[in-house]
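Inspection log for the structure reproduced underneath, given as structure tokens.
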Amino acid sequence: MGDFEKSGQRLIALCLLGFLLFNYPVLALFNLPQTVFGIPVLYAYIFCAWALLIGAMAWVVEKRR
Amino acid sequence: MLQGGVIVVSSFAYLGLLFAIAYYADKRADAGRSVIASPYIYSLSLAVYATAWTFYGSVGRAAVDGVGFLPIYIGPTLMIALWWVVMRKILRISKQNRITSLADFIASRYGKSALLGGMVTVIAVIGIVPYISLQLKAVSNGFLILMQYPEIVMPAKVGAVPVLQDTALWVALILALFTIAFGTRHLDAAEHHEGMVAAIAFESLVKLLAFVAVGVYVTFVIYDGFGDVFARAAADRALAPMLTPLEGVAGSYSNWIWLTILSMLAIMFLPRQFQVSVIENKDESHLNKAIWLFPLYMLAINVFVLPLAFGGRLHFPAGVVDADTYVLTIPMAEKQELLALLVFIGGLSAATGMVIVETIALSTMACNDLLMPVLLRMKSLRLNERLDLTGLLLGIRRGAIVLILLLGYLYFRLAGEAYALVSIGLISFAAVAQFAPAALGGIFWKGGTRRGALAGLLAGFLVWSYTLLLPALARSGWLPVALLEQGPWGIGLLRPLELFGLKGLDQITHAMIWSMVANIGAYVAGSLSGSPSAEETRQASLFVDVLRGGGAGARFWRGTASAPQLYGVLARFLGTEGADEAFRSYAGARGLRWPAEQVTADADFVHFAETQLAGAIGAASARIMVASVVKEEALSLEEVRNILDEASQVVMYSHQLEQKSRELEEATTELRAANERLKELDRLKDDFLSTVTHELRTPLTSIRAFTEILHQEPEIDAAQRRKFLGIITRETERLTRLINQVLDLAKIEAGRALWHETRVDMQQVISDAVTAMGQVFEEKGIRVDVRMPERVSPVHADLDRMIQVMLNLLSNAVKFCDPAAGRIEIALSESDGWLRVDVRDNGAGISAQDQQAIFDKFRQVGDTLTDKPHGTGLGLPISRHIIEHHAGRLWVESERGQGATFSFDLPVAS
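Here is the structure:
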């Protein structure tokens, strides 16, 4: 039960982290004209952060077993 | 190749395939082998979130403002992280109360209020109709554009075609028939549509595949990868600014936040999402996988949106091709017929998936929460007297499906032209967001009341209509545009797009801010301003406390009912078979064999019947029906409160009791272990005592025997006398030695022995011991060899004890070595910081099973009946204790007939 609640709290924390990552002002830090491997920094940032967030959620949920 | 016939035939073939999948899944479900009981299917069915709006509209929006479409997909990712807590609760509540739709959920929470359910239904229908019209628009536009292949011609304006020749109308009708065939073939008491879910999961795969296919084609075949697309966009004067598209705090960023929040609410409260995530959920544990699989799907379907948007804008001259159609028109322009057809099918799957689930959900709501409560109250219809109402229920639902799709078409004719796809979708999102305060507040806040929910919903909906629906109608020419520009009656502060002078936000953000302020404000104010009824208090407690062992709805009922009458009601709505099934399962759970044994219509049973009925016609209608056949005594608010207090006290006590009994159990286990240990110690002590007394008795017996002889026979001769006295002396010595050793061992074992530790030279110890035993060796004719290196490092030990160990080992060796040609070898060696001493004899050896036993107290190897005991049996245990006290080891190696080697090692002093 404790394990179960802990997973819930971790997921809530990840949700808050996501809110931080995908909003002003963090988003503004990446709103730059440069590119990474030819991809604009903002786009690259959003998709990478998104993928990492999903990865973290999967980790929290799956490692319980 | 792409003639109209081919397109139509492939479309129908695709719909046929869907139907086959649904049919198969339904058959499997009937046979009890569900195909949808899988977290993967559940996750895929959640992807019904991605509609034609995603499929065509994302690219359209991206072509205008770059990343602006992304919050619509990031929001659900954030929300689903909270599902672990929120959705689990909703699922538990819905299973317990057999909730059939979102309207049912909200109505049920606020005292099974039919009015509230009806209101939610009306808002949902009005809010979702634009969304459905969007799907119709996407499919019919896609069809019309594809028909013109190889030309790329945008479809004519909506009004230009007579109604009967309008593709969108036919799309609407075909989809209506299809949905009816899908969702209302029979009436399921639990509102499960397994076939539909299987088909939706399949559709999710198709649309993802189609979208990724066209994305890969554009990005990697037409262009040279992501970098190439962006590089060319950066080189284009019109597109370059879109690469850093977020500007200004008040503008883009606040829009971004509100879009995120909006989509977070939409993923929970769109009727179709509620349908697939809650109503169709087979197992709570499916949530676990969905929590990351569904966001992953969202990510995958969005990766190629930006390349497609930029690709489209680079490909076509500005203003010729609608950006909403790039997904389809790029493959057409490149003469990729098959890909274009795949894209069309993908778009079709996105649209049909949404339309099917949405209309089924809405029709269930319209039937259970809007029409049935009204019809059941109309006494003149005499519905209560009709024997079987299942036909009526199905008829209402079918009618509702057709009506909703026609409303969608109507909106398409009226307002569809004025907005891009994304904007239409967002209007619907904002409408369903109005359910959030009542629904979320309802599961976490017991204080929320029916009055508050009604006020909140009404206020939110009115603001939504004023700020979003009204402008949509005005822009389409159905209301004067002056209303938008000057405000009603020329009052500037009331301009629908800049309400109370709030400027600089986009339309959705503006509407969300004001509608949420009105909604939450009215909900809280309405809830706090009055007091809830008994029914509301009880439902609030059932919902909010669901995870703390709720489900005892029967506690709140008092009255009289008859089982046959309840059977009659169930049979009317579930059919005779359904009612039989329900009665059998209830009776079975209580060990009765229905119908041979009748069930008593007690509170439990009435509650059961009402919940069963709620599964078919919604909580509000079920309440009315059950109330019509049972005589119940209304509980006063005071009584309900008492029951709740009592219940929460009972829950608290039982928690405490559980806690206590757990503690008690732990204590018992500990006590048991301690008791075992004590018993073991006691046994060891007894063993020890009996052995010691036995050992003491042997010398005592012989001393006593010889003393008696000397006492009774004074004339015994001198030589004999001396011999006897010698024996007595020896036995006394043995007795003394034995007692000394027992005391010694007891002291060591108890840790009370005194140790005088100094630096000890083992060479010296060995020499001293050998010298001390010299007399004995000589007497027995034993040859002793000592092998020692020139110098060894000293050890830190008690010198006397070390000599004691050596003497023990040597006297042991003397006792057991060959009686004729005895030989003892002593070796001392040093390696890696350890000194090692070996004492080897050439006696009979010790068998493997005895090698451990000889270190036990009073254990002497050999046949104790025939052999005379050679010692006290305490030497080796004491030696081992001494060596172990100095952090060393003492052991024996031996084989029968090969002699034995006793060895010990000690760490060198640092």
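From first to last, the protein sequence lines are chains C and P.
Those letters in the first sequence? Residues 0 to 64, by numbering that gives the first Met the number 0.
Those letters in the second sequence? Residues 0 to 909, by numbering that gives the first Met the number 0.
Note that the Cβ used here is the ideal one computed from N, Cα and C, for glycine as well.
Cβ pair residue i, residue j closer than 8 angstroms
| i | j | result |
| --- | --- | --- |
| VAL217(P) | ILE329(P) | yes |
| PRO436(P) | LEU469(P) | no |
| LEU413(P) | TRP488(P) | no |
| TYR446(P) | SER540(P) | Reading the sequence as shown, one finds Gly at residue 446(P) and not Tyr. In this structure, SER540(P) does not lie closer than 8 angstroms to GLY446(P) by Cβ. |
| ILE20(P) | ALA197(P) | yes |
| LEU238(P) | PHE309(P) | yes |
| GLU311(P) | VAL58(P) | At residue 311(P) the sequence reads Gly, which differs from the Glu that was named. For GLY311(P) and VAL58(P), yes; Cβs fall inside 8 angstroms. |
| HIS314(P) | ALA339(P) | no |
| LEU683(P) | LEU737(P) | no |
| LEU806(P) | THR757(P) | no |
| ALA80(P) | LEU19(C) | no |
| GLY896(P) | ALA843(P) | yes |
| GLY194(P) | ASP25(P) | yes |
| ARG87(P) | LEU286(P) | yes |
| ARG786(P) | ALA826(P) | yes |
| GLU534(P) | LYS111(P) | yes |
Environment of residue i [buried if 16+ CB atoms lie within 10 Å]
| i | result |
| --- | --- |
| CYS366(P) | buried |
| GLY247(P) | Any answer about GLY247(P) is weak, because its pLDDT of 45 lies below 50 and its placement is not dependable; what the coordinates show is given next. Result: exposed. |
| HIS509(P) | buried |
| LEU864(P) | Confidence at LEU864(P) is low in this model, with a pLDDT of 41, below 50, so its placement is unreliable and the value that follows should be read with caution. Burial call: exposed. |
| ILE45(C) | buried |
| ASP866(P) | With a pLDDT of 44 at ASP866(P), under the threshold of 50, the modelled position of this residue cannot be trusted, and the question is left open. |
| ALA249(P) | Legend: pLDDT at ALA249(P) = 41, less than 50; position of this residue unreliable, value from coordinates given subsequently. ALA249(P) is exposed by the Cβ-count criterion. |
| SER42(P) | buried |
| TRP754(P) | exposed |
| TYR652(P) | exposed |
| HIS710(P) | exposed |
| TYR48(P) | buried |
| ASP904(P) | buried |
| LYS659(P) | exposed |
| HIS885(P) | buried |
Inter-residue spacing [alpha-carbon to alpha-carbon] between residue i and residue j
| i | j | result |
| --- | --- | --- |
| GLY126(P) | LEU133(P) | 12 angstroms |
| GLN611(P) | ILE426(P) | 36 angstroms |
| GLY54(C) | GLY56(P) | 27 angstroms |
| PHE582(P) | ALA626(P) | 19 angstroms |
| VAL911(P) | LEU656(P) | An answer regarding residue 911(P) cannot be provided, because it is not within the stretch 0 to 909 covered by chain P. |
| PHE229(P) | PRO39(C) | 7 angstroms |
| ARG396(P) | PHE21(C) | 42 angstroms |
| LEU258(P) | GLY15(P) | 37 angstroms |
| VAL523(P) | VAL119(P) | 18 angstroms |
| GLY550(P) | ILE256(P) | Because GLY550(P) sits at a pLDDT of 47, beneath the cut-off of 50, its placement in the model cannot be relied upon, and the point is left open. |
| GLU609(P) | LEU453(P) | 24 angstroms |
| GLY861(P) | GLU669(P) | Caution is warranted here: a pLDDT of 49 is assigned to GLY861(P), below 50, making its placement in the model unreliable, and the coordinate value is therefore given only provisionally. Roughly 41 angstroms between the two C-alpha positions. |
| GLU227(P) | GLY37(C) | In the sequence on display, residue 227(P) carries Asp and not Glu. Each residue's Cα considered, the two are about 7 angstroms apart. |
| LEU498(P) | ILE300(P) | 36 angstroms |
| GLN274(P) | THR178(P) | 15 angstroms |
Proximity test, residue i beta-carbon vs the ligand HEM heavy atom, cut-off 7 angstroms
| i | result |
| --- | --- |
| LEU101(P) | The model on display carries no ligand, and the ligand HEM is accordingly not part of it. |
For the segment 433-461 of chain P, which residues have a CB atom closer than 8 angstroms to at least one CB atom of chain C, in sequence order?
Taken residue by residue, none of the segment 433-461 of chain P has a beta-carbon sitting less than 8 angstroms from a beta-carbon on chain C.
Just list the alpha helix (DSSP H) runs in the segment 298-380 of chain P, keeping only unbroken ones of 4 residues or longer that don't cross its boundaries, in chain order.
Runs of the alpha helix (DSSP H) inside the segment 298-380 of chain P: 304-314, 325-332, 336-364, 371-376.
Listed in chain order, which residues of the segment 288-300 of chain P have Cβ atoms closer than 9 angstroms to some Cβ of chain C?
From the segment 288-300 of chain P, only LYS288, ILE290, TRP291, LEU292, PRO294, LEU295, MET297, LEU298 have a Cβ closer than 9 angstroms to chain C.
At which residue ranges does the segment 86-171 of chain P contain complete alpha helix (DSSP H) runs of 4 or more residues, listed in the order of the chain?
The qualifying runs are 101-108, 113-146.
At which residue ranges does the segment 718-759 of chain P contain complete beta strand (DSSP E) runs of 3 or more residues, listed in the order of the chain?
For the segment 718-759 of chain P, whole beta strand (DSSP E) runs of length 3 or above, ordered along the chain, are 756-759.
Entirely within the segment 426-480 of chain P and at least 4 residues each: give me those alpha helix (DSSP H) ranges in chain order.
Positions of the alpha helix (DSSP H) runs, each at least 4 residues long and wholly inside the segment 426-480 of chain P, are given as 435-443, 449-463, 469-474 in order along the chain.
Residues within the segment 86-99 of chain P neighbouring chain C, beta-carbon criterion of under 9 angstroms
Residues of the segment 86-99 of chain P with a Cβ closer than 9 angstroms to any Cβ of chain C, in chain order: ARG87.
Which residues, taken in chain order from the segment 266-291 of chain P, show a beta carbon closer than 7 angstroms to some beta carbon of chain C?
Residues passing the 7 angstroms Cβ filter: ASN287, ILE290, TRP291.
Name, going along the chain, the residues of the segment 501-517 of chain P whose beta-carbon falls closer than 7 angstroms to a beta-carbon of chain C.
Hits within the stretch: zero.
Given a limit of 9 angstroms on CB to CB distance, which residues of the segment 484-497 of chain P reach chain C?
Against chain C - using a Cβ distance shorter than 9 angstroms - the segment 484-497 of chain P contributes no residues.
Listed in chain order, which residues of the segment 229-243 of chain P have Cβ atoms closer than 7 angstroms to some Cβ of chain C?
Listed by position along the chain: PHE229, ALA230, LEU242, THR243.
Contact set between the segment 6-37 of chain P and chain C, restricted to residues whose Cβ is under 9 angstroms from the partner
Residues of the segment 6-37 of chain P that bring their beta carbon within less than 9 angstroms of a beta carbon in chain C are absent altogether.
Taking only runs of the alpha helix (DSSP H) that begin and end inside the segment 752-805 of chain P, which ones reach a length of at least 4 residues, in chain order?
Listed in chain order, the complete alpha helix (DSSP H) runs (minimum 4 residues) inside the segment 752-805 of chain P are 761-771, 773-779.
In chain order, each beta strand (DSSP E) run of at least 3 residues that lies wholly inside the segment 797-847 of chain P
If we require 3 residues or more, the beta strand (DSSP E) runs fully inside the segment 797-847 of chain P come out as 822-830, 833-840.
Going along the chain, which residues of the segment 1-16 of chain C sit with their C-beta nearer than 8 angstroms to a C-beta in chain P?
Contact annotation: in the segment 1-16 of chain C, residues whose CB is within less than 8 angstroms of a CB in chain P are SER6, GLY7, LEU10, ILE11, LEU13, CYS14.
Name the residues in the segment 305-326 of chain P whose C-beta lies less than 8 angstroms from a C-beta of chain C; which are they?
From the segment 305-326 of chain P, only LEU305 have a Cβ closer than 8 angstroms to chain C.
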